[in-house]
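Chemist: Sharing a structure, written as structure tokens. Questions coming.
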Amino acid sequence: MTTATPVPAEMGRRSRSPRERLIDRLFVRLTLALAVATAVLLAFIGLVIAWQAVPALQRFGLGFLIHSAWNPVPGREDFGVLPMLYGTLVSSIIALLIAVPLGLGTAIFLSEDFIPPQPRMAISFLVELLAAIPSVVYGLWGIYVLIPALLPVGHWLHAHLGWLPLFGTEPVGPGMLPASLVLAIMVLPILTSIAKDSLEAVSPELRQASLGLGATRWWTIFRVLIPAAISGIIGGTMLGLGRALGETMAATMLIGNANQLNVSLLAPANTIASLLANQFPEARGIQVSALMYAALLLMLMTLLVNILAELIIQRLRAKYE
Amino acid sequence: MMMTEHPQVQSLRKRLRFRTMVGWLMTGLVALCALLTLTPLFAVLGFVLVRGISRFGLDLLTKLPPPPGLSGGGFGNALIGTVLVVLLGTVISVPFGMLTAVYLSEFSNADDRQKEIARWVRFGVNVLAGVPSIIAGVFAYGLLVVTGIFGYSAMAAGVALAVLMLPTVVRTADEALKLVPREVRWASVGLGASNYYTIFRVVLPAALPGIVTGVILAMARAMGDTAALIFTALFSTFWPRSLFEPIATLSVLVYNFATVPYRPQQELAWAASFFLLMLVLLASVASRLVIRRYVQR
């Protein structure tokens, strides 16, 4: 796209009244101020949350991270976020383990000419629709459709692979497994669309050269296209990770909200986002502060992941534009 | 014609067959990936359609939710609440977002310092887009609810939603403004118009379809959002009376009623999901059509 040229301020200056010039300059200043405010909003959000978290920060310090009690009873308050930290990371990682191969496969399917352009565009659109479905609807669907459907699978896994700690508990319905599955569904669209975009951005000469040397289509895809697009694919995966870490409603409705650390995927667990969703409406005093502390951790985690993703994708854009 | 082939030719032929087979296998595999990716879409749409449509009727839109266990009623209050909260978010985020976009696309190319600022603003907006919606909720809670400025209210929810809408508004408005040919600006300035006049009377109207599309998309997203609302808007079983009280919304209704043991409430949750989904899909499809026509023009 051509970038817009600014309207040079000197142009036609002679014909303008001072008042008009003043308004003009104020207008430019105003847009600048709002633009900076938009950029600074992020820092402001962090500041507000950190400010509210101060009492908990002082009282629990870094021990908050490795502590696993969550006791809001007045007078005996004790808070630690380890099980939720574990749940957040593990559910997101499992979601990525499921979504990355699927998304990459779909991206390859949509970026190469396996099928005519028309149905290809239709499928891309449908994948985008997947991202438009509200997460609370995924949650509802998960409770009444996915969890009942997964129960027999869980029982089978426990019966046959129960010796593995991963399937070491009797399935109760909600748990890590259904939550991770829905998270995988929710990160698939962004992962697919960015992987597809970066595969399509690989210059056609590269592909032609590879095919011209006698490589097969799949050899070209695996040895030329994917390596060339890898930074975009990784960037998309990081964005997906950011989504999965912060996704709240679907996780809250499906993970079981048990503040325990259990290796089994069939056991209920909790994530930081679910903890916040569940406890904020009834929180009082130091509990609010502890929740703010947890929110701060979640924000830092997602920021880190998103900034990394953004840097990777920006570098990619610089390479191909 | 049949002659025994040279062993080298034979091995070449074998390799070719092997390659063809691997090719078909891989093609099948990626097609399967695409199929598996789309399966949840149809599974969700199908179930919401089947379970949500049975309750559909005028009552649904005009009545209050029934008390626990009783059937009948609707989600009229939540519908109004959703509209109010999303409008509040729009009213806050659109002026901010549009003027930010105006700066980014119109005024930021003057010198290196401004280019640098614009780069940082774009970076900030992109990172803001990745902020989880629950964090926007926590922010509004910490800024407006805990401090008692608004308490649990539609206002606090509007602020939280505005944070979520802002990146979409900025990015789509930025793109839409870039699509306006620069000759249009030159013509306007050449005729003696000032910057703000050029922007408001010439550039913005030309970019309007794109901007409106972005705003609609942002509103659709905000409509479905729940995490930012569960502890800012809270919920209410009554008709909304003011913007400074807890207010019912469709998405929070789905969340609250999904886990209650009463059948009528669960049905209401499905019906509300159906309604939300229709709104979101309609917005997505409509905006896509507008964009396509607009880009082609």
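Line by line, the protein sequences give chains A and B. For the first sequence, counting from 1, position 145 maps to 257 in our numbering; every step adds exactly one. For the second sequence, counting from 1, position 22 maps to 25 in our numbering; every step adds exactly one. Where is the CB? At the ideal position from N, CA and C, for every residue including glycine.
For my contact list, Ile83 of chain B and Val162 of chain B are in at a C-beta cut-off of 8 Å; report their separation, rounded to the angstrom.
Modeler: In fact, because the Cβ distance is near 19 Å, the residues do not count as touching under 8 Å.
Chemist: Give, in chain order, every residue of the stretch 250-267 of chain A whose Cβ lies closer than 8 Å to some Cβ of chain B.
Modeler: Here the close residues are Tyr250, Gly251, Leu252, Trp253, Ile255, Tyr256 and Val257.
Chemist: Tell me whether the stretch 164-174 of chain B and the stretch 375-395 of chain A touch, counting them as touching only if at least three CB pairs, one residue from each stretch, are closer than 8 Å.
Modeler: Contact between the stretch 164-174 of chain B and the stretch 375-395 of chain A is absent, because fewer than three Cβ pairs lie under 8 Å.
Chemist: Mind listing the chain B neighbours of Asn418 of chain A? Cutoff is C-beta to C-beta under 7 Å, in chain order.
Modeler: Those within 7 Å of Asn418 of chain A in chain B are Val130 and Gly133.
Chemist: For Asp136 of chain A, go through chain B and note every residue whose CB falls closer than 8 Å to its CB, in chain order.
Modeler: Simply Ser197, Asn198 and Tyr199.
Chemist: Within the stretch 135-179 of chain B, note down every full beta strand (DSSP E) run reaching 3 residues or more, in order along the chain.
Modeler: Correct list: empty.
Chemist: When you check each C-beta in the stretch 18-36 of chain B against every C-beta of chain A, which residues fall closer than 8 Å?
Modeler: So the list reads Arg22, Val25, Gly26, Met29, Thr30, Leu32, Val33, Ala34, Leu35 and Cys36, given in the order they occur along the chain.
Chemist: Alpha carbon to alpha carbon, what distance is there between Gly354 of chain A and Val417 of chain A?
Modeler: Cα-Cα distance, rounded: 6 Å.
Chemist: Quick check on the burial criterion: 16 or more other C-beta atoms within 10 angstroms. Buried or exposed for Thr23 of chain B?
Modeler: Burial call: exposed.
Chemist: Which residues, in order along the stretch 80-97 of chain B, keep a beta-carbon less than 8 Å from a beta-carbon of chain A?
Modeler: Answer in chain order: no residues at all.
Chemist: Taking 7 Å as the cut-off, is the beta-carbon of Pro264 of chain A closer than that to any non-hydrogen atom of the ligand GDP?
Modeler: For the ligand GDP, the structure offers nothing, since it holds no ligand at all.
Chemist: In the DSSP assignment, what are the bridge partners of Trp182 of chain A?
Modeler: Note: Trp182 of chain A sits in a beta bridge opposite A:Phe191.
Chemist: Mind pulling the chain B residues with CB within less than 7 Å of Glu312 of chain A?
Modeler: Simply none; closest approach about 15 Å.
Chemist: Give me the residue from B:Gly49, B:Ser136, B:Ser111 and B:Leu61 with the minimum Cα distance to Ala407 of chain A.
Modeler: Comparing Cα positions, the closest option is B:Ser136.
Chemist: Give the single residue among A:Leu263, A:Met411, A:Leu289 and A:Ile338 whose Cα lies nearest to the Cα of Ile161 of chain A.
Modeler: Residue A:Met411 is the option with its Cα nearest to Ile161 of chain A.
Chemist: Would you verify that the beta carbon of Asp228 of chain B is, or is not, closer than 8 Å to some beta carbon of chain A?
Modeler: Yes, contact with chain A.
Chemist: Is there a Cβ from chain A that is less than 8 Å from the Cβ of Ile138 of chain B?
Modeler: Interface residue, yes.
Chemist: Where does Tyr265 of chain B sit, in a helix, a strand or coil, going by DSSP?
Modeler: Coil.
Chemist: For Arg125 of chain A, which three-state DSSP category applies?
Modeler: Confidence at Arg125 of chain A is low in this model, with a pLDDT of 48, below 50, so the placement of that residue is unreliable and no value is reported for it.
Chemist: To which residues of the same chain is Gln399 of chain A closer than 6 Å at the C-beta, ignoring the five residues directly before and after it?
Modeler: Taken in chain order, the residues that qualify are Pro184.
Chemist: In this structure, does DSSP put Glu359 of chain A in helix, strand or coil?
Modeler: Looking at Glu359 of chain A - three-state DSSP - the assignment turns out to be coil, as it is neither helix nor strand.
Chemist: Comparing the C-beta of Met233 of chain A with each C-beta of chain B, is any distance below 8 Å?
Modeler: No, Met233 of chain A does not count as interfacial toward chain B.
Chemist: Buried or exposed: which applies to Ala145 of chain A, given that a residue is buried once 16 or more other Cβ atoms fall within 10 Å of its Cβ?
Modeler: By the neighbour-count rule (16 or more Cβ atoms within 10 Å), Ala145 of chain A is not buried but exposed.
Chemist: Measure from the C-beta of Leu144 of chain A to each C-beta in chain B and report whether the shortest distance is under 8 Å.
Modeler: Yes, its Cβ sits closer than 8 Å to a Cβ of chain B.
Chemist: In angstroms with no decimal places, state the Cα-to-Cα distance between Val299 of chain A and Glu132 of chain A.
Modeler: Distance between the alpha carbons of Val299 of chain A and Glu132 of chain A is about 50 Å.
Chemist: Under 8 Å by Cβ, that's how I've got Gln384 of chain A and Met196 of chain A pegged, so tell me the actual separation to the nearest angstrom.
Modeler: Reading the sequence as shown, one finds Ile at residue 384 of chain A and not Gln. Indeed they touch by this definition, with Cβ atoms about 5 Å apart.
Chemist: Residues of chain A with CB under 8 Å from Ser287 of chain B, in chain order?
Modeler: Here the neighbours are Glu240, Leu241 and Ala244.
Chemist: For Thr7 of chain B, which of helix, strand or coil comes out of DSSP?
Modeler: Correct three-state label for Thr7 of chain B: coil.
Chemist: Ends of the alpha helix (DSSP H) at Ser322 of chain A?
Modeler: Segment Pro316 to Gly324, the alpha helix (DSSP H) holding Ser322 of chain A.
Chemist: Please classify Thr114 of chain A as buried or exposed, where buried requires at least 16 other C-beta atoms within 10 Å of its C-beta.
Modeler: For Thr114 of chain A, the predicted structure reports a pLDDT of 45, less than 50, and the residue's modelled location is therefore unreliable. A value from the coordinates is still provided. Result: exposed.
Chemist: Determine, using beta carbons only, whether Leu214 of chain A comes closer than 8 Å to chain B.
Modeler: Interface residue, yes.
Chemist: Please look up how many angstroms separate the CB atoms of Ala356 of chain A and Ala207 of chain A, rounded, as I've assumed it's under 8 Å.
Modeler: Rounded, the Cβ-Cβ distance is 5 Å, consistent with contact.
Chemist: Tell me the rounded alpha-carbon separation between Arg16 of chain B and Ala327 of chain A.
Modeler: Rounded to the nearest angstrom, the two C-alpha atoms are 16 Å apart.
Chemist: With the cut-off set at 8 Å, would you say Ala457 of chain A and Gly347 of chain A are in Cβ contact?
Modeler: Absent from the model: residue 457 of chain A. The displayed extent of chain A is 113 to 433, so no value can be given.
Chemist: Span of the alpha helix (DSSP H) holding Gln230 of chain A?
Modeler: Its alpha helix (DSSP H) spans residues Pro229 to Ala244.
Chemist: Use the C-beta contact count for Gln268 of chain B: other C-beta atoms within 10 angstroms, 16 or more gives buried, fewer gives exposed.
Modeler: The residue is buried, with at least 16 neighbouring Cβ atoms inside 10 Å.
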